[in-house]
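Everything below concerns the one structure shown next.
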Amino acid sequence: MNNFQRDCCELLAERFRGGKLDRRGFLTGLVALGAATVAAPGARAAGQELVVVNWGGDAIDAYSAAFAEAYEAATGNKLKIDGSGPLEGSMKTQFESNSVRWDVCDAEPYSAIRLGREGMMEKIDYSIVDRSKIEPGFDGEFYVPSYFYSNVIAYDAARFGDDVPSTWADFWNVEKYPGKRTLYKWMTGVLEAALLADGVAPAELYPLDVDRALAKIEALKPHIVSFWSSGAESQQLLRDGEASMGLLWHTRANLTKQDTEGEVDWTFDQGLVSPSGWTVIKGNPAGAKAAMEFIALAQNPDNQVTLLNELGNGPANPAAHALVSEEMKPVDASSKENLERQIVLQAEWYADHYGTALDKYLALVSS
Amino acid sequence: MSQIAASSICKSYGDFKALHDVSMEISKGEFLTFLGPSGSGKTTFLMILAGFTEQTSGQLMKDGRDISTMAAEERNFGMVFQGYALFPHMTVWQNVDYPLRVRKMGSAERKQKVGRIIETVGLAEHAHKKPSQLSGGQQQRVALARSLVFQPDVLLLDEPLSALDRNLREQMQSELKRVHEETGTTFVFVTHDQGEALAMSDKIAIFNKGRLMQLATPDRIYNAPDSRFVAEFLGQINIFPVASPGMDGGLLRGNLDGTTLSAANPGHHVNGTASIAVRPEHMTLSAERPADQANVLPARVIQTTYQGSHSDLVLQTPQGHSISASTHSANGALPSVGSDLWVGWSPENSIVIAD
Amino acid sequence: MAARLNIHTIAMWLLPALFLAVYLAPLLGVFGWSVSRPEPGAENYVRMLTDADALNIMLRTARVCILVTLTSVLLAYLLAYHWVFGSPARKLFMELCIFIPFWISVLIRAFGWVVILRNKGILNETLLSIGAIAEPLTLVRTEFSVILGMVHFLVPFAVFPIASVMRQIDSRVLLASRGMGASPGFTFWNVFLPLTVPGILASVIIVFVFALGFFITPAILGGGKIVMIAEYIYIQMFQTSNWGFGAALSIGVLAVVAAMAGLLFKVIRPERLVK
Numbered sequence: 019m020n021n022f023q024r025d026c027c028e029l030l031a032e033r034f035r036g037g038k039l040d041r042r043g044f045l046t047g048l049v050a051l052g053a054a055t056v057a058a059p060g061a062r063a064a065g066q067e068l069v070v071v072n073w074g075g076d077a078i079d080a081y082s083a084a085f086a087e088a089y090e091a092a093t094g095n096k097l098k099i100d101g102s103g104p105l106e107g108s109m110k111t112q113f114e115s116n117s118v119r120w121d122v123c124d125a126e127p128y129s130a131i132r133l134g135r136e137g138m139m140e141k142i143d144y145s146i147v148d149r150s151k152i153e154p155g156f157d158g159e160f161y162v163p164s165y166f167y168s169n170v171i172a173y174d175a176a177r178f179g180d181d182v183p184s185t186w187a188d189f190w191n192v193e194k195y196p197g198k199r200t201l202y203k204w205m206t207g208v209l210e211a212a213l214l215a216d217g218v219a220p221a222e223l224y225p226l227d228v229d230r231a232l233a234k235i236e237a238l239k240p241h242i243v244s245f246w247s248s249g250a251e252s253q254q255l256l257r258d259g260e261a262s263m264g265l266l267w268h269t270r271a272n273l274t275k276q277d278t279e280g281e282v283d284w285t286f287d288q289g290l291v292s293p294s295g296w297t298v299i300k301g302n303p304a305g306a307k308a309a310m311e312f313i314a315l316a317q318n319p320d321n322q323v324t325l326l327n328e329l330g331n332g333p334a335n336p337a338a339h340a341l342v343s344e345e346m347k348p349v350d351a352s353s354k355e356n357l358e359r360q361i362v363l364q365a366e367w368y369a370d371h372y373g374t375a376l377d378k379y380l381a382l383v384s385s
Numbered sequence: 352m353s354q355i356a357a358s359s360i361c362k363s364y365g366d367f368k369a370l371h372d373v374s375m376e377i378s379k380g381e382f383l384t385f386l387g388p389s390g391s392g393k394t395t396f397l398m399i400l401a402g403f404t405e406q407t408s409g410q411l412m413k414d415g416r417d418i419s420t421m422a423a424e425e426r427n428f429g430m431v432f433q434g435y436a437l438f439p440h441m442t443v444w445q446n447v448d449y450p451l452r453v454r455k456m457g458s459a460e461r462k463q464k465v466g467r468i469i470e471t472v473g474l475a476e477h478a479h480k481k482p483s484q485l486s487g488g489q490q491q492r493v494a495l496a497r498s499l500v501f502q503p504d505v506l507l508l509d510e511p512l513s514a515l516d517r518n519l520r521e522q523m524q525s526e527l528k529r530v531h532e533e534t535g536t537t538f539v540f541v542t543h544d545q546g547e548a549l550a551m552s553d554k555i556a557i558f559n560k561g562r563l564m565q566l567a568t569p570d571r572i573y574n575a576p577d578s579r580f581v582a583e584f585l586g587q588i589n590i591f592p593v594a595s596p597g598m599d600g601g602l603l604r605g606n607l608d609g610t611t612l613s614a615a616n617p618g619h620h621v622n623g624t625a626s627i628a629v630r631p632e633h634m635t636l637s638a639e640r641p642a643d644q645a646n647v648l649p650a651r652v653i654q655t656t657y658q659g660s661h662s663d664l665v666l667q668t669p670q671g672h673s674i675s676a677s678t679h680s681a682n683g684a685l686p687s688v689g690s691d692l693w694v695g696w697s698p699e700n701s702i703v704i705a706d
Numbered sequence: 010m011a012a013r014l015n016i017h018t019i020a021m022w023l024l025p026a027l028f029l030a031v032y033l034a035p036l037l038g039v040f041g042w043s044v045s046r047p048e049p050g051a052e053n054y055v056r057m058l059t060d061a062d063a064l065n066i067m068l069r070t071a072r073v074c075i076l077v078t079l080t081s082v083l084l085a086y087l088l089a090y091h092w093v094f095g096s097p098a099r100k101l102f103m104e105l106c107i108f109i110p111f112w113i114s115v116l117i118r119a120f121g122w123v124v125i126l127r128n129k130g131i132l133n134e135t136l137l138s139i140g141a142i143a144e145p146l147t148l149v150r151t152e153f154s155v156i157l158g159m160v161h162f163l164v165p166f167a168v169f170p171i172a173s174v175m176r177q178i179d180s181r182v183l184l185a186s187r188g189m190g191a192s193p194g195f196t197f198w199n200v201f202l203p204l205t206v207p208g209i210l211a212s213v214i215i216v217f218v219f220a221l222g223f224f225i226t227p228a229i230l231g232g233g234k235i236v237m238i239a240e241y242i243y244i245q246m247f248q249t250s251n252w253g254f255g256a257a258l259s260i261g262v263l264a265v266v267a268a269m270a271g272l273l274f275k276v277i278r279p280e281r282l283v284k
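Residue numbers (the numbering used here), protein chains in the order written: chain B, 19 to 385; chain C, 352 to 706; chain U, 10 to 284.
This is the structure in structure tokens:
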């Protein structure tokens, strides 16, 4: 479940309402996220309309008409955004019931791999999508990164003073860094964090030793105030001091830092970074070619930098990093120097083990 | 000594006065009936006796003790409600057992008492049924058994027979009488049915518009009503307003359309205007003017109704007064409609009503 | 000759047909999944009844639902009593208490409780400022706050069946009890309470079945830690694509709900509740 992307739309809408983002920036952000709705009555012929699914938001609809015209002028095609969310189960349902409604999905890479293995997803056509515009090593068989985000340590800087935490071992050290913790309910990054805290070397993380990770989490559990499931919730926990440290998406961590004027801070050190992936269900209404063309179009570095500036999402196209301003460089999750400080989540492992591991994880969470 | 003594009981609901200054005494073991039209205050007074309604003013004594403010649950009165108010979730046995459980009586004693009273009211074979499985009459008996089993000082009955059909009602009337005699408990019975009141009561209290009009034996209520309301409420009666009434040798005499009417034993002082009343069954009819009757009026037969043992007649005097009379069938053939005859009655059967 | 198809015949069969199409067919599909995915057999049901994690979640769901049901019905009983027998002013007040919550979404109510109960929330700040406590109390993100939030949502639903039964009680029956010397307490336990049992049972079943399906309130007020059966099924269906197991769990929940509904119809005759 790509909660992160849903959160981006919320962030965008919040910032727009808060006056931090002008209308143009907002729309560019939506373009980059592929998260705008074309309300185009009339023209409904198959092949002329491309449906991109993501995690939508209320504010998006209001400005979709303006965006639609611009997009149509550029491509000649109509673009319709469906905000209902490409959950793995939903994509599977559409394929199995032979009623695919979505052309391009912005989904979890491991969902794309899993469903791809079952023959439900199109292979990425690298004759249309440009491999050179993808961060090396992320040119998946069934997905292409849309942007990068990271699971980072956010902490109460006001409370910890100069000696700030920078590793997951620090995160687990409640004596040195007192206070409650918060972790992500849907597990992504959490097992890795626990194993790193337990002394596993980053290079030896995979395959993850789930039982060891869970034991480590269980030890911390009395100190965990909440397993957050929405970005806003994680932000509130840190801002109100209910948690002194948390595993947060770096976008939310950065926003909390701004809101609290630095009382809450965060670090990319040992951040657990992952892309979100464009993926295409077999039998999509507009055809695979049109879908691939959209993905290729989304590789444009300018839009990716706009997304970074407005939301903090790391560009998927390495060429974009050169366009990033000095000011935004510390927030760029996928820049070379920041990637070096982080550990990349392995989508393949998640594709194989997410279900069984999540069952165990949630059993621990709810015990 | 009276068991219950009520003095100057008043009850108001805002501006509405439901009871005006009602006083009465009830003797132990008496069967007293409250009779009156609906809204006359009879049920209100019963509820005040029971303690479910609090009087606005006035005093209530039981066996010489002031119980004016005593809670209903402490008065030890039994009550049979209109509609019976049986506990629908309990069997007949459990319903009857309830007041004994309230009194924390031992189970052996309870069993014996409940068994006996259920036997008395003839419900032994229905003891383990729920009220909904019983007929109206049977439910009535359960209500009676339940309110008598704890030997209350007084049993209050609020129109208990009104829901029953005619045959069953008569049967239950005699049963109530029997139970009253067997238990010797004071019964206070509310009804709006005059026949029921006359048939069952030792004494009747007539209520009207929140006032106690008269409290007396059925015979006196019927034959010596002391107000026009009581006279008219109970049975048929002819009432003749007489001009310039006056006493004359123990008789009250007055003038109706030139004819002098007389009544014996007026019983109370008369001044100003008065009426002389007479029940239809005390009227005698004759073709010739009778010489031996003190009170005689000419009349024409307007209508006759044959009732089996007797017949009812409607007649009219030349001055337009309507007269009701009834004659026993044994007295011979009915006069035909339109015939003129004489109606007469004795001063002893005349009732004096002060207007 | 077959009977002519008239409008009444059509109308009579429309509802069952609709029921068949809208409920029964998908239900059979779900049942089909539960015995066919990933492999044919009763494996999913075996797992449901033997898997410690699944049993834990069912146990927690049962515990939370029972606590919520008992608390809600008790509160609803008091509310219903004042609503039915109170003075006109109190009746109006009770009606506001009962109806206003219906207009507020479950999401907003859950967040409302977070605002009140969190560390820097209204309650803790107040208690701190008057010096009643030295450290903020951990009120939110606990089983307690989940139960509180669920009770708050469900109490109004529990009021109606109880109030309906209370209204049907013949007040003379209560007078009769008093007249026979029973104290108010004795009358309550022996007459009033037994007569309201059908309403209590109906409320218990309604609240319990509702509570079984709760998802948002536990997710928001439980700090992610209170996973109940509805969320667990959601996880199986959408997060881990474990459709067979999710379907088996759904059928299990449905069986519990159906059993309780059956009880409702058999024991307390629902037609009595709508008079």
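Ideal Cβ positions, reconstructed from N, Cα and C, are used throughout, including at glycine.
Residue 397 of chain C sits close to residue 509 of chain C, with the two beta carbons spaced by under 8 Å. Against residue 380 of chain B, the close residues of chain U are 236, 244, in the order they occur along the chain (beta-carbon pairs closer than 7 Å). If you draw a straight line from the Cα of residue 480 of chain C to the Cα of residue 92 of chain U, it comes to about 34 Å.
Pairing residue 171 of chain B with residue 158 of chain B gives a Cβ-Cβ distance that is not under 8 Å. For residue 188 of chain U, a Cβ of chain C is located within less than 8 Å of the residue's own Cβ. Residue 241 of chain U: member of the alpha helix (DSSP H) spanning 238-243, first to last residue. Assignment of residue 168 of chain B by DSSP, reduced to helix, strand and coil, places it in the strand class.
Within chain U, no C-beta atom comes nearer than 9 Å to that of residue 69 of chain B; the closest sits roughly 20 Å away.
Under the 8 Å criterion on CB atoms, residue 185 of chain U is classed as interfacial with respect to chain C. Interface annotation for the stretch 415-430 of chain C against chain U: 422, 423, 424, 425, 426, 427, 428, 429, 430, criterion Cβ-Cβ distance under 9 Å. In this structure, DSSP gives residue 165 of chain U a helical state, which the three-state scheme calls helix.
Take residue 166 of chain U, set aside five residues on each side of it, and the residues of its chain with a beta-carbon closer than 7 Å to its own are 215, 216, 219, in chain order.
Rounded to the nearest angstrom, the Cβ distance from residue 197 of chain B to residue 180 of chain B is 17 Å, too far for a contact under 8 Å. For the pair of segments examined, the stretch 17-29 of chain U was found not to touch the stretch 654-666 of chain C: the number of CB pairs separated by less than 8 Å stays below three. In this structure, the CA atom of residue 114 of chain B is about 30 Å from the CA atom of residue 148 of chain B.
Per the DSSP secondary-structure output, residue 646 of chain C pairs in a beta bridge with C/696.
A straight line joining the alpha-carbon of residue 128 of chain U with that of residue 95 of chain U spans about 38 Å. Judged by DSSP secondary structure, residue 97 of chain B falls within the beta strand (DSSP E) whose first and last residues are 96-100. Within the stretch 224-252 of chain B, the residues whose Cβ lies closer than 7 Å to any Cβ of chain U are, in chain order, 243, 244, 245, 246, 247. Around the beta carbon of residue 417 of chain C, a 10 Å sphere encloses fewer than 16 other beta carbons of the protein chains shown; the residue is thus reported as exposed.
In the structure shown, residue 422 of chain C adopts coil according to DSSP, grouped into three states. At a cut-off of 8 Å between beta carbons, residue 205 of chain U makes no contact with chain B.
The DSSP-derived three-state label of residue 362 of chain C is strand.
Here the alpha carbon of residue 114 of chain U sits roughly 28 Å from the alpha carbon of residue 36 of chain U. In the three-state DSSP reduction, residue 287 of chain B falls in the strand class (E or B). Taking 8 Å as the cut-off, the beta carbon of residue 698 of chain C is found closer than this to the beta carbon of residue 645 of chain C. Taking C-beta separations shorter than 6 Å and ignoring five residues to either side along the sequence, the partners of residue 628 of chain C in its chain run 582, 588, 590, 702, 704, following chain order.
If you check the CB distance, residue 70 of chain U and residue 213 of chain U do not come in under 8 Å. Selection B/278, B/267, B/242, B/265 evaluated against residue 257 of chain B yields B/278 as nearest (Cα-Cα). Of C/448, C/389, C/394, the smallest CA-CA separation from residue 469 of chain C is found for C/448. In the structure shown, residue 339 of chain B falls within a helical segment according to DSSP collapsed to helix, strand and coil. Between residue 477 of chain C and the set C/443, C/465, C/499, the nearest pair of CA atoms involves C/443. Interface residue (Cβ-Cβ distance to chain C less than 8 Å): residue 176 of chain U is not classified as such.
Any Cβ of chain U closer than 8 Å to the Cβ of residue 373 of chain B would place that residue at the interface, and such an atom is present. Rounded to whole angstroms, the Cβ separation of residue 352 of chain B and residue 285 of chain B is 16 Å, and the two are not in contact under 8 Å. Contact check between the stretch 185-202 of chain U and the stretch 124-143 of chain U: fewer than three CB pairs, one atom from each, fall below 8 Å, which does not count as touching.
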